[in-house]
Structures are given as structure tokens and as C-alpha cells.
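The structure under discussion appears below in the form of C-alpha cells.
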Amino acid sequence: MMGYTQFVKRLFPYIKNHLGKLFFTSLMMVFATLLETAIPEITGQIVDTLFTTERTSDQAIFYSLILTSVIAISSFFALISISASSWISNKVILDLRIDMFSKLLKLPKTYFDKNTTGETLSKLTFDVEQISAAASTIWLQFIKSSFMVVILIGYLFYKSFLLSLTLLVLLPLVYFAVKFSSSRIRKGSKRVQESMGKMTHLLDENISGSDLIKIYNAQKSEKNKFFSIINTIRQQRFKVDMASGLNTSIVNALIGLSLGCVVYFSSTFLVMTAGDFLAFFTAMGMLVKPAKTLININKPLQQALVSSDSVFRLIDEKSEINTGNHRVDKLEGEIKFDNVSFSYGEKKASLKNINLIIKPGETIALVGSTGSGKTTLVNLLTRFYIPTEGKILINNLEINSFELESFRSNFSFVDQNVRLFNDTVTGNIAFGQKDQMPIESIINAAKVSNSIEFIEKLDDKFESEIGEDGVTLSGGQRQRLSIARAIAKDSPILILDEATSALDSATEKLVQSAINKMQKDRTTIIIAHRLSTIQNADRIIVLKDGEIIEQGTHAELIKASGEYEKLNQQQL
Numbered sequence: 002m003m004g005y006t007q008f009v010k011r012l013f014p015y016i017k018n019h020l021g022k023l024f025f026t027s028l029m030m031v032f033a034t035l036l037e038t039a040i041p042e043i044t045g046q047i048v049d050t051l052f053t054t055e056r057t058s059d060q061a062i063f064y065s066l067i068l069t070s071v072i073a074i075s076s077f078f079a080l081i082s083i084s085a086s087s088w089i090s091n092k093v094i095l096d097l098r099i100d101m102f103s104k105l106l107k108l109p110k111t112y113f114d115k116n117t118t119g120e121t122l123s124k125l126t127f128d129v130e131q132i133s134a135a136a137s138t139i140w141l142q143f144i145k146s147s148f149m150v151v152i153l154i155g156y157l158f159y160k161s162f163l164l165s166l167t168l169l170v171l172l173p174l175v176y177f178a179v180k181f182s183s184s185r186i187r188k189g190s191k192r193v194q195e196s197m198g199k200m201t202h203l204l205d206e207n208i209s210g211s212d213l214i215k216i217y218n219a220q221k222s223e224k225n226k227f228f229s230i231i232n233t234i235r236q237q238r239f240k241v242d243m244a245s246g247l248n249t250s251i252v253n254a255l256i257g258l259s260l261g262c263v264v265y266f267s268s269t270f271l272v273m274t275a276g277d278f279l280a281f282f283t284a285m286g287m288l289v290k291p292a293k294t295l296i297n298i299n300k301p302l303q304q305a306l307v308s309s310d311s312v313f314r315l316i317d318e319k320s321e322i323n324t325g326n327h328r329v330d331k332l333e334g335e336i337k338f339d340n341v342s343f344s345y346g347e348k349k350a351s352l353k354n355i356n357l358i359i360k361p362g363e364t365i366a367l368v369g370s371t372g373s374g375k376t377t378l379v380n381l382l383t384r385f386y387i388p389t390e391g392k393i394l395i396n397n398l399e400i401n402s403f404e405l406e407s408f409r410s411n412f413s414f415v416d417q418n419v420r421l422f423n424d425t426v427t428g429n430i431a432f433g434q435k436d437q438m439p440i441e442s443i444i445n446a447a448k449v450s451n452s453i454e455f456i457e458k459l460d461d462k463f464e465s466e467i468g469e470d471g472v473t474l475s476g477g478q479r480q481r482l483s484i485a486r487a488i489a490k491d492s493p494i495l496i497l498d499e500a501t502s503a504l505d506s507a508t509e510k511l512v513q514s515a516i517n518k519m520q521k522d523r524t525t526i527i528i529a530h531r532l533s534t535i536q537n538a539d540r541i542i543v544l545k546d547g548e549i550i551e552q553g554t555h556a557e558l559i560k561a562s563g564e565y566e567k568l569n570q571q572q573l
């Protein structure tokens, strides 16, 4: 768990550019506090001066103006301080979220394999908000309250040393109360944070899978899951609030005891004027709020410490390996897998001793039963994973020697599970290149992919919003739009993951026609589930248990009567 010193060190880079504003904010709050702490002395003077037979109207006007001015100016300084504090706090949130999102875009696929979407979303929404309070708000409260406590205590000792000794009883008791609650607040905040991640993940699943939940009548079980999580959040937050509230109650009781002692001793053993008593009593009363604030700061501070641990762990995650410095506009030459093996962590090897050469412009198909290693092979080629053993070369250069962004610009991908974005048709076709891609290229991609017909029927044509994941389009339209996206990118290497498997026969013909056009003059790798779609491939690679066991044309493999022929018979 992150400690106070480490927390300040990690947060400092986000605040250092605002130190001037933070100093100004603190100075304004100091001025406001100084004026506010003058109120007890002013009230004492008012009582001793105005509530006598010798008072004058000029004195009444003078003290009225003084009291009004002190309160008004103090409020003005406080408003400036709070406004500046809010600006700093929100700027820190902005910078943290930018860094977190930038890191998300650079994280390797292994991170997303291990962490749920909900946990990650919770870091960017809930956790970072907890830190923002510490960025300036808690600091401002600390400045004001601690400054006020010091001044008021000094003033009390100035007014009456003997009466002020009762305050010394408070200090050790308050210290032990804060120490006792800190660990409880931190543990509770950690559990709340974890539960918020689970809740966000469950919400994400239920929103994206709403149709499935309804068709399987799973509302009750999902509701029970949700209740269990939010009930845990309720219980842990209650415990955190109780620990914080206990501190406040102890402080209130101790200050109440001190006030009672002041009333008793000042009226019996000490000789004080009415004004001096009121000034002393008012100062002690004013001491309650800043003392409670200093105690209550502990709660958001502990929450910030817990959240900062989560946020900075994300920022500190290792980015994808990108040590290559060789930039390339267009990858040309053969692709070679040289004795490549790969395993996910400690698990059994997913690929074993893969030796494969793919010639430029060749269309190959990867086939095999589920878990045979087809997708893993493609993920290694696109550098989503790094081989455990062996190497992959393109034109006799190891792929790790290429700069990652320029390397991946040479790949286009069409998946059976189409992913579109909540944007216009143009935005989806020109994805990642919207500001640079000529409209002619977008229109041409739509024509080649057989998308132009349905696009022209949309209300705003190419500027039509298609909704989240293309919800306003049919399955075939979404698939053709994803093909248009791949065509518009115009990459030399094309990867197809059974792009027509979920379509009806009429739509499949349109999509397959678009794919055939797209494959021209490109190296194409097809992850095949239905063997009928890859009979015209230049070469078919058969994988089993992570190894290549057969390769050849469709006719050659059928004639060989091996694994491919068995798979073909199963689909007939």
C-alpha cells in the first residue's frame, strides 16, 4: 500500500506546474483565516464597549462596519481560494486521466487478458476522483484548519493561560483516535475500491449482454449478483463512515468537556469581563469546526492513498515492447516463422516449433479444431504476443526490429465478431485516419466492399451516425463496413477471421465478393472455421495441438486423407 511520502512524490509531477496557483490559493485562504480568527476579539470588544452606559453611536457604527467588513473580506478571500483550488483539482484529474488513457492505448494484450473491463473503467472513473480531492481540496482544508487551530490556541493562551491548559488534554486523545481509525478507513476504502471495480464490470456485462440476459431469463440471478456487490459497498462504506464519525464524536465530546470547564472556572475562580469571557468562549467554539475538519480529512486522505495505489499501478504498467527503430511504409517480402513456440504463462505450449514461410501475395488458410493455435499464430505475427522461443521475420528482418506503429500500419483485420465505433460511416471507414484520408478513398472502399448501396439509403449517407457498435445496421451491413475499413487502410497484409460465417447466403455472397476484390495483390491469412470458404486458398495450413501437421492445397489435402480430410467430412 502506498504511504504518505510516496503518495506526495507520485502526485507532485501533476501539481508542480501549478505551484504558483497553489501558493496563491493557500495565501488567500491564510488571509481569510486570519480575518476569521479576529472575530472572537472583535465580539469581545463589542460587548465591553457597546453594552455599557458610556457607548456612543459612532462606536456602534465603527464596530458594525468592522465586523461586517471582516466577514465580507474573509468570505471573498475564501471564494477566490476555493475557485482556484477547484481549477487545480480538475486540472490534476484531467492530466491523470490523459496519462491513464494514454497508457491504456500502449498496454500489451496480456494486460487485458488478466484484467476485467470493469476494473479498468473503475480506475479511470472512481479511483481518480478520490485522488483529486488530495490534489488541492484536502490541502486547502488542511491549510485553513491547521492555521486556524494554531492561531486560536495561541489567542486562547494569550487571553488566559490557566483556562487554556484544558486544551492540552485533547492532544494525546485525538492522536490515538486518529491512529486507531486510519487503518480501519484505509482497509475499508480498499474493499470499496475493489467492489466498485466488480460493480462496473457487472454493469458492463449486463449492458452489452442485455438481450442474452432476457432470452435466458437471467434477470433474477444478475440482480442478486448486483445486490451482493452493492451491499458489500454499502457495508464497507458504513464501516468507513463509522470510523470517521467516531473520531468526530470523540473530538466533540472533548471540546464540550473543555467548554464546560471554561464556563465553570471562569465564573468561579477567575475574574474576567463579560467581553473577555465571550471572546474566549467564542474562540473555543470556533476551534470545534477546524478541529473536526482536521480529523475528517483523514477519511478522504486514506481513500486517496488507496486509490492512488490503483491509479499509479496502471500508469506504471509496462507498455508494449517497442524497441525497434526501423520504420517501414510498406512491408514487402516473405513472412517466415522460424522454429516459433509460445505459451501463455505457465500453461501448456499453445504453439510448438512452428516453421512456416508465406510468400508475398499468397493466400493461406489456417485450419484446425478449437485451441489448435490458429489465433495465437496471427497474434504473434501482429506482435500482440512475443514468441517464447524462435523468431518471426519479414523480408529477413525480425519483426521486433520494426517500430511498432509503422509495423502494424501494414496489417488490416476483418473479424467475424465485427467491432464498429459510435461514429459516422465515414469515421468508421477511415478509422484512425479520418483527418488525412481523402473522401475519394472512403467512397472507393465503400464501392469495393459493396457497402455503397446501403450507405446511400441512410438519412445522412456517409455522415450518418451508426450508434454503439453499429447497432443501427444489419449484420451484413456491419460486416461490409468492416471490410470497407480494411480496404480503405490499403495494407499489404490482410487477416480474415471467418468474415462470412454468421451471415445468410445472400449477404454472404456480397461479403465474399468484397473479400475477393480486397485480396487482390495482398498477402492474405485466413483463420478458417468453415472449410468451404477456403477451398481456393493457395495453401492450407492444418494445425493440431499447436503444431503444423499438414499443408497443401484443398485437393492435395483431401487426397492425402489426413486430418484435413477428417475435418472436411465432419462439416459435410
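For the working numbering, count along the sequence shown from 1 and bump the result up by 1.
All C-beta atoms in this analysis are idealised placements derived from N, C-alpha and C, irrespective of residue type, glycine included.
As the structure is a computational prediction, the values presented were derived from the model and not from experiment.
- The shortest CA-to-CA distance from L378 to any of N396, Q513, K545 is the one to K545.
- If you draw a 10 Å sphere on the C-beta of I62, you find fewer than 16 other C-beta atoms in it, and that means exposed.
- K337: not part of any alpha helix (DSSP H); member of the beta strand (DSSP E) spanning 336-344, first to last residue.
- Proximity of the region 531-540 to the region 361-374 meets the contact definition, three or more beta-carbon pairs being nearer than 8 Å.
- For D498, the pairing in a beta bridge is given by DSSP as D416, I528.
- Between K337 and L394, the C-beta gap is smaller than 7 Å, which places the two residues in contact.
- If you look at Q552, you'll find it in the beta strand (DSSP E) that goes 548-553.
- Leaving aside the five residues that flank P291 on each side, the residues in its chain whose CB is nearer than 8 Å to its CB run, in chain order, K145, S146, S147, M149, V150, L153.
- Just measuring C-alpha positions, the residue of G4, T57, I81 sitting nearest K22 is I81.
- Per DSSP, the unbroken alpha helix (DSSP H) holding N429 starts and ends at 426-430.
- CA-CA distance, M519 to L122, rounds to 36 Å.
- With contacts defined by Cβ atoms closer than 7 Å, I453 and A447 form a contacting pair.
- The region 271-285 and the region 91-106 do not touch, with fewer than three beta-carbon pairs separated by less than 8 Å.
- At the C-beta level, S342 and G391 come within 7 Å of one another.
- Put simply, the backbone Cα of S84 is about 11 Å away from that of F77.
- Cβ contact annotation for N396 (same chain, cutoff 8 Å, sequence separation greater than five): L332, E333, G334, E335, in chain order.
- N411 places its beta carbon less than 7 Å from that of I494.
- Of the residues assessed, F281 falls on the buried side of the cut-off, its CB having 16 or more other CB atoms within 10 angstroms.
- With respect to R11, F414 sits apart: the two C-beta atoms are not nearer than 7 Å.
- Note on E120: 16 or more other CB atoms within 10 angstroms of its CB, so buried under the neighbour-count rule.
- Around the beta carbon of G468, a 10 Å sphere encloses fewer than 16 other beta carbons of the protein chains shown; the residue is thus reported as exposed.
- In this structure Y5 is not in contact with V93, their Cβ atoms being roughly 17 Å apart against a cut-off of 8 Å.
- R540 sits in a strand when the DSSP states are folded into three classes.
- By the 16-neighbour rule on beta-carbons within 10 angstroms, G471 is buried.
- In the DSSP assignment, L381 falls within the unbroken alpha helix (DSSP H) covering 375-382.
- In this structure R481 is buried. Its beta-carbon is surrounded by 16 or more other beta-carbon atoms within 10 angstroms.
- Look at the beta carbons and you see the region 348-355 not touching the region 420-439: under three pairs across the two are nearer than 8 Å.
- Per DSSP, reduced to three states, the secondary structure at E466 is strand.
- Burial of K191 is indicated by the presence of at least 16 other C-beta atoms within 10 angstroms of its C-beta.
- By the beta-carbon neighbour count (other beta carbons within 10 angstroms, threshold 16), I358 is exposed.
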